[in-house]
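All remarks here apply to the structure that follows.
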Amino acid sequence: MQQRKGSLLSFRPDIKVLDATLRDGGLCNNFRFTDEFATALYKMNLAAGVDYMEMGYKASKTMFDREKFGKYKFCDEEDLRKIVGDNQTDLKISVMADVGRTDFRKDIIAKKDSVIDTVRVACYITEIPAAIEMIEYCANLGYETCVNVMAVSKARDEEIDSALEMLGESPVDCIYLVDSYGSLYPEQVAKLTLKYLEAGEKYKKSIGVHAHNNQQLAFGNTIEAASWGASLLDCTVNGMGRGAGNCPMELLLGFLKNPKYHLPPVLRFITDYMLPLRESGTVWGYDIPYLLTGRLNAHPRDAIECVRAQNTDYEAFNRSLLEKD
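The letter at position 81 of the sequence shown is residue 80 when you use numbering that gives the first Met the number 0, and the numbering goes up by one with no holes.
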């Protein structure tokens, strides 16, 4: 019988925390963060002892209009260096690249010339071969690599098993369990985490978790995955992320027992930057429409539109989802 890795009171040195505020949070405001915000977030992560800071996407400039998105949609080298300099710190800088939405051979330069440490490749389970091509390219350039296989709540067990075998044989360093629709419950997360860990142990890969908060389970599911052995834990400040948002950093750092993590810098950043961001009209976080799409294991796009339209006829919205289903 599988055993949990440690207890709620134990300290696990293998656990690493990744801040995805600029990347997942950027989906809430088209990545239009000021340099002041990004610099303060970088300094906050250093003070809080966070291990990784994801700066945004490496998105294709031919597919996405630079006039419609802020700089963290593209993460050009000069823009990143304006925030982190040469980053002579223990904090690793990461970016995400979506399969099919990035000109990776042109836009991802050799690691020796970049301030980026880690490239996270995001794909659906039907795109594993294309993801592996990107992983191999980035690994050959000297980067640490991760893969975020999205929407696994929609995938069959045999598809997941096959994907894990293929990724296990690739040079990827970490494989992420991603609850894209915020639909998974803790017992499902436990089962999937053990499945991922089995592949991780076989192929010497670490396992990460990226949760969404549609059913107010992002934090619970993150620590559930960690309790079984997942070691890379995604979070965002104040839970800022697409739709219902992600695991809040302030909850995660408050829970983890590693004395290297410090909560006060996060609380100060929330007061100084996140509250004004909300007051300016940027919207994220748990709301009834996200609950309704999450419980149906559905993409949150309809819920995002419902919240944007300030539609509070939740019964009618639920009925419309059921008619689609």
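Think of the CB as a built atom: it goes at the ideal place given N, C-alpha and C, for glycine as much as any other residue.
Subject >> Start and end residues, beta strand (DSSP E) containing M165 >> reply: Careful: M165 lies outside any beta strand (DSSP E), inside the alpha helix (DSSP H) at D156 to G167.
**OP:** Please check the pair V120 and V98, which I expect to be a contact at CB under 8 Å, by giving their CB distance rounded to whole angstroms.
**Re:** 7 Å
**OP:** Using a threshold of 7 Å, state whether the C-beta atoms of E143 and T101 are closer than that.
**Re:** no
**OP:** Give every residue of the same chain whose Cβ lies closer than 7 Å to the Cβ of G167, excluding the five residues on either side of it in the sequence, and list them in chain order.
**Re:** A198, K201, Y202 and K204
Original post:
Between the beta-carbon of A58 and the beta-carbon of F73, is there less than 7 Å?
Top reply: yes
Original post:
Taking C-beta to C-beta, are V171 and N147 nearer than 7 Å?
Top reply: no
Subject >> Distance CB(T235)-CB(A47) smaller than 7 Å >> reply: no
Original post:
Quick one: is N139 buried, meaning 16 or more other Cβ sit within 10 Å of its Cβ, or exposed?
Top reply: exposed
Original post:
Could you check where the beta strand (DSSP E) with T144 kicks off and where it finishes?
Top reply: E143 to M149
**OP:** Give the straight-line distance between the Cα atoms of R31 and H298, rounded to the nearest whole angstrom.
**Re:** 24 Å
Original post:
Skipping 5 residues on each side, what residues in its chain have a beta carbon closer than 8 Å to that of L266?
Top reply: E249
**OP:** Would you list the residues sitting across from K15 in a DSSP beta bridge?
**Re:** L231
Original post:
Where do the N-terminal and C-terminal ends of the alpha helix (DSSP H) with A121 fall, by residue?
Top reply: Looking at the DSSP string, A121 is not in any alpha helix (DSSP H); the run it does join, the beta strand (DSSP E), is T117 to Y123.
Original post:
Going straight from the alpha carbon of G24 to that of A109, what length do you get?
Top reply: 27 Å
Subject >> Distance CB(Y289)-CB(A302) smaller than 7 Å >> reply: yes
Original post:
Can you name, in chain order, every residue of its own chain whose Cβ lies under 6 Å from the Cβ of T221, other than the five neighbours on each side?
Top reply: V208, A210, L232 and C246
**OP:** Return the chain-ordered list of same chain residues with a C-beta closer than 6 Å to the C-beta of C305, the five sequence neighbours on each side being excluded.
**Re:** P288 and F316
Original post:
Assuming R80 contacts V49 under a Cβ cut-off of 8 Å, what Cβ separation, rounded to an integer in Å, is found between them?
Top reply: Incorrect: roughly 19 Å between the Cβ atoms, too far for contact.
Subject >> Backbone secondary structure at S59 - three-state DSSP >> reply: coil
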